[in-house]
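Here the protein sequences line up with chains A and B, keeping their order.
Under our numbering, the first residue of the first sequence carries the number -15, and numbering increases by one thereafter.
Under our numbering, the first residue of the second sequence carries the number 15, and numbering increases by one thereafter.
In what follows, a structure is listed as structure tokens, so that the remarks can point back to it.
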Amino acid sequence: MRSMLPRLPAWLQRTATPQSVAAGALSGDAASRILPWATALMAFLAALALAAALAVGEAAERWSAGFGGGLTVQIGPLPAEGADPLDRIHEMLRATPGVGQIDAMPPETVDRLLAPWLGGLVDLEGLPKPRFLDVALAPGARIDPAILEARLRTADPDAKVDDHEIWAERLAGYAAAVERTALVAAILIGVISAAGIGAVAAARMAIHQDAIRLMRLLGATDRWISALVARASLRQGFLGGALGVGLALIAIYLVERAATSAEGLLPTPRLAGWHWAILAALPLVAGGVAVAAARLAALAWLRRR
Amino acid sequence: MRLDAVSLAYDGAPPVLDRLTLETPAGAFRYLVGPSGVGKSSLLRLIFLDAAPTSGTIALFGETATGASPAQKARLRRRIGVVFQDFRLLDGLSLVDNIALPRLIGGAAVADARREAAELIAWVGLGDRIDATPASLSGGERQRAAIARAVIVRPNLIVADEPTGSVDDDMADRLMALFEELNREGATVILATHSMDLLERFPHPAIRLGAGRAVMETP
Ligand SMILES: Nc1ncnc2c1ncn2[C@@H]1O[C@H](COP(=O)(O)OP(=O)(O)OP(=O)(O)O)[C@@H](O)[C@H]1O
Ligand SMILES: [Mg+2]
């Protein structure tokens, strides 16, 4: 009798389930062969979109934190004649409630910031240059930059007050828009993939309708039959998802490395540790989406006959 | 098994079965005979719940099957072993898994189902073809495989459509002995055939179908 048994390795016998064996009757069609590749492409695109959303969100947070809680006061160059308004401005600022530390920006820093704009064409040394004061605010303090600017102009008509808050807000708005767009793109890709996987599952049911009809006559329920299709989709969705996300992770890593070498010129979006974890979990999500889509499509197909 | 004024008409055509009433007691062995095209396979399809009657009701094992829920039908079907006239083996599965399939659908462990299938396959003389694909089997070999699949769950009702049409006399005797043995153990058997020779060698009452009507004949 032993020689009659199917020649399967013992471990395979143990892991085989009734459904994994029966699923063999629904395999081997062209529709199911393209599924892993289509899933891989979709997972690749979804991972890139998601990475963009995460990285921009992270960068915006870092930039805003750098901006937050301060003002920049710009005053005119040291006048050729007459009193320097700098001391008067200092006094007025110190008298303003909520103002904390006041730091004058060193002239070298001003030169460094101006240099890229003026190129090597002008000798910065002799040029009259505006001066900048970095004004920190006490925690929780709010100062209306327009009112402060109007007051400082009584001392120096060229005085300007720049509210970091506005830049932080604009930046946050921009980042949120990029994030939203990328997230919507990732979700759309997921929905389109789910629809495609469902269509493939329905096509597979149609291709194997004779086998499905037979299984029904042998007493299989719709739930049981739909699980056969879902199970194949799970494997294909997971493998396709893993391949796509793997390629995306390599692509993201290369982009990050390129961005790091350009550091300083560009603010660099960077992925935090948990972002990598989210991306690495995408194949599981792809597998889950594939199972749900295939199962629902298969059940809908079965209910129609 | 009870059929109550059952009619069946395929789209547009005159009815194949016309208000047929028929009762077969549990544990009976019945042949189903009649000229080709009279509706034997159609009647069997109604019995194994592949088709619903145009009118009338069918009851199996004391339960009304006509209009039953899908879950209830699935449960009833698991108690029926069917030998299809066209065998219906699945090319995506090896011979042993084809035979094991009804047990797998019933939720049996794979190793158990395969062991039982292997024993049955040996019994019908296909022991050396256990890993073959159904497509590589001859007509007679497929018929034997179809019979093995029909009996593996020890069904309460065996519905066989021309189950010995493609095998030689020796194998036919062997398969008939299998049906009679299962019948002795309590299964109801309904066997459609054209072979008068079979009726003589294995005498059992016959249901003769003619012009949509059924007549009982006792040998
Ligand atoms: N699916 C179908 N659609 C339309 N007509 C059908 C269908 N199946 C069978 N018929 C018709 O119903 C009639 C009975 O067919 P059936 O297969 O039940 O006969 P049978 O008695 O089993 O014949 P045989 O002895 O040749 O197997 C035939 O006229 C056949 O053409
Ligand atoms: Mg027939």
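Glycine included, C-beta positions come from ideal geometry on N, C-alpha and C.
Strictly under 8 Å for the Cβ-Cβ distance: is residue i near chain B by that measure?
{"i": "Trp208 of chain A", "result": "yes"}
{"i": "Met(-15) of chain A", "result": "Residue placement at Met(-15) of chain A is flagged as unreliable, the pLDDT there being 39, under the threshold of 50; the coordinate-derived value follows with that caveat. Taking Cβ atoms only, chain B reaches closer than 8 Å to Met(-15) of chain A, which makes this a yes."}
{"i": "Val5 of chain A", "result": "yes"}
{"i": "Ala156 of chain A", "result": "no"}
{"i": "Leu201 of chain A", "result": "yes"}
{"i": "Ala14 of chain A", "result": "no"}
{"i": "Gly8 of chain A", "result": "yes"}
{"i": "Leu29 of chain A", "result": "no"}
{"i": "Ser245 of chain A", "result": "no"}
{"i": "Ala185 of chain A", "result": "no"}
{"i": "Ala284 of chain A", "result": "no"}
{"i": "Ala204 of chain A", "result": "yes"}
{"i": "Ser11 of chain A", "result": "yes"}
{"i": "Leu198 of chain A", "result": "yes"}
{"i": "Ala0 of chain A", "result": "yes"}
{"i": "Ala190 of chain A", "result": "no"}
{"i": "Arg288 of chain A", "result": "no"}
For residue i, which three-state DSSP category applies?
{"i": "Arg163 of chain B", "result": "helix"}
{"i": "Phe116 of chain A", "result": "strand"}
{"i": "Gly95 of chain B", "result": "strand"}
{"i": "Leu212 of chain B", "result": "helix"}
{"i": "Glu72 of chain A", "result": "Inspection of the sequence shows that residue 72 of chain A is occupied by Arg rather than by Glu. Three-state DSSP puts Arg72 of chain A in a helix."}
{"i": "Leu74 of chain B", "result": "strand"}
{"i": "Arg33 of chain B", "result": "strand"}
{"i": "Leu104 of chain B", "result": "coil"}
{"i": "Met(-15) of chain A", "result": "For Met(-15) of chain A, the predicted model reports a pLDDT of 39, less than 50, meaning its position is unreliable; a value from the coordinates is still stated below. Three-state result, Met(-15) of chain A: coil."}
{"i": "Leu167 of chain A", "result": "helix"}
{"i": "Leu121 of chain A", "result": "strand"}
{"i": "Leu140 of chain B", "result": "coil"}
{"i": "Val181 of chain B", "result": "coil"}
{"i": "Gln188 of chain A", "result": "It should be noted that the sequence gives Arg, not Gln, for residue 188 of chain A. It is helical."}
{"i": "Gly26 of chain B", "result": "coil"}
{"i": "Arg158 of chain B", "result": "helix"}
{"i": "Gly174 of chain A", "result": "helix"}
{"i": "Arg126 of chain A", "result": "coil"}
{"i": "Glu65 of chain A", "result": "coil"}
State the start and end residues of the unbroken alpha helix (DSSP H) segment that holds residue i.
{"i": "Val273 of chain A", "result": "257 to 288"}
{"i": "Ser245 of chain A", "result": "206 to 245"}
{"i": "Ser56 of chain B", "result": "54 to 61"}
{"i": "Ala234 of chain B", "result": "With chain B covering 15 to 233 only, the question about residue 234 of chain B has no answer from this structure."}
{"i": "Arg117 of chain B", "result": "109 to 119"}
{"i": "Ala6 of chain A", "result": "2 to 6"}
{"i": "Pro129 of chain A", "result": "129 to 136"}
Which one of the options has the shortest CA to CA distance from residue i?
{"i": "Ala42 of chain B", "options": "B:Pro148, B:Ala125, B:Pro217", "result": "B:Pro217"}
{"i": "Ala85 of chain B", "options": "B:Leu63, B:Phe101, B:Ala132", "result": "B:Leu63"}
{"i": "Thr68 of chain B", "options": "B:Pro29, B:Gly106, B:Gly51", "result": "B:Pro29"}
{"i": "Ile86 of chain A", "options": "A:Val94, A:Asp95, A:Ile73, A:Arg164", "result": "A:Ile73"}
{"i": "Leu171 of chain B", "options": "B:Gly95, B:Ser83, B:Lys54, B:Thr35", "result": "B:Gly95"}
{"i": "Thr93 of chain A", "options": "A:Arg46, A:Ala277, A:Gly84, A:Pro114", "result": "A:Pro114"}
{"i": "Pro267 of chain A", "options": "A:Gly228, A:Ala256, A:Ile236", "result": "A:Gly228"}
{"i": "Ile113 of chain B", "options": "A:Ala186, A:Met199, A:Leu62", "result": "A:Met199"}
{"i": "Ala30 of chain A", "options": "A:Thr205, A:Val273, A:Arg126, A:Ala160", "result": "A:Val273"}
{"i": "Ala187 of chain A", "options": "A:Ile18, A:Pro81, A:Pro2", "result": "A:Ile18"}
{"i": "Phe75 of chain B", "options": "B:Val97, B:Ala164, B:Asp145, B:Pro39", "result": "B:Pro39"}
{"i": "Lys311 of chain A", "options": "A:Ile59, A:Ala160, A:Ile150", "result": "This structure leaves residue 311 of chain A out entirely; chain A is present only between -15 and 289."}
{"i": "Ala102 of chain B", "options": "B:Leu22, B:Ser50, B:Ala174", "result": "Strictly speaking, residue 102 of chain B in this sequence is Arg, with Ala absent from that position. Among B:Leu22, B:Ser50, B:Ala174, the Cα nearest to that of Arg102 of chain B belongs to B:Ala174."}
{"i": "Ser152 of chain B", "options": "B:Ser180, B:Arg163, B:Glu199, B:Tyr24", "result": "B:Ser180"}
{"i": "Asp206 of chain A", "options": "B:Lys87, B:Met15, B:Ile72", "result": "B:Lys87"}
{"i": "Val20 of chain B", "options": "B:Gly51, B:Leu57, B:Ala27, B:Arg168", "result": "B:Leu57"}
{"i": "Thr80 of chain A", "options": "A:Ala120, A:Ala24, A:Leu201", "result": "A:Ala120"}
{"i": "Gly66 of chain A", "options": "A:Asp140, A:Gly174, A:Pro20", "result": "A:Asp140"}
{"i": "Gly84 of chain A", "options": "A:Leu62, A:Leu117, A:Pro90", "result": "A:Leu117"}
{"i": "Ala276 of chain A", "options": "A:Ile150, A:Ala35, A:Leu136, A:Gly182", "result": "A:Gly182"}
Looking at the strands, I want to know which residues DSSP matches up with residue i.
{"i": "Gln58 of chain A", "result": "A:Phe116, A:Lys144"}
{"i": "Leu171 of chain B", "result": "B:Ile94, B:Thr202"}
{"i": "Phe43 of chain B", "result": "B:Val203"}
{"i": "Ser21 of chain B", "result": "B:Ser69"}
{"i": "Arg16 of chain B", "result": "B:Glu37, B:Ala73"}
{"i": "Leu302 of chain A", "result": "With chain A covering only -15 through 289, there is no way to say anything about residue 302 of chain A."}
When the cut-off is 8 Å and only beta carbons count, does residue i lie next to chain A?
{"i": "Phe75 of chain B", "result": "no"}
{"i": "Asp25 of chain B", "result": "no"}
{"i": "Asp100 of chain B", "result": "no"}
{"i": "Ile72 of chain B", "result": "no"}
Taking the continuous beta strand (DSSP E) assigned at residue i, which residues delimit it?
{"i": "Ala88 of chain A", "result": "83 to 88"}
Under the criterion of a Cβ to heavy atom distance below 7 Å, does residue i qualify as lining ligand 4?
{"i": "Gly139 of chain B", "result": "Ligands in the displayed structure: ligand 1 and ligand 2; ligand 4 is not one of them."}
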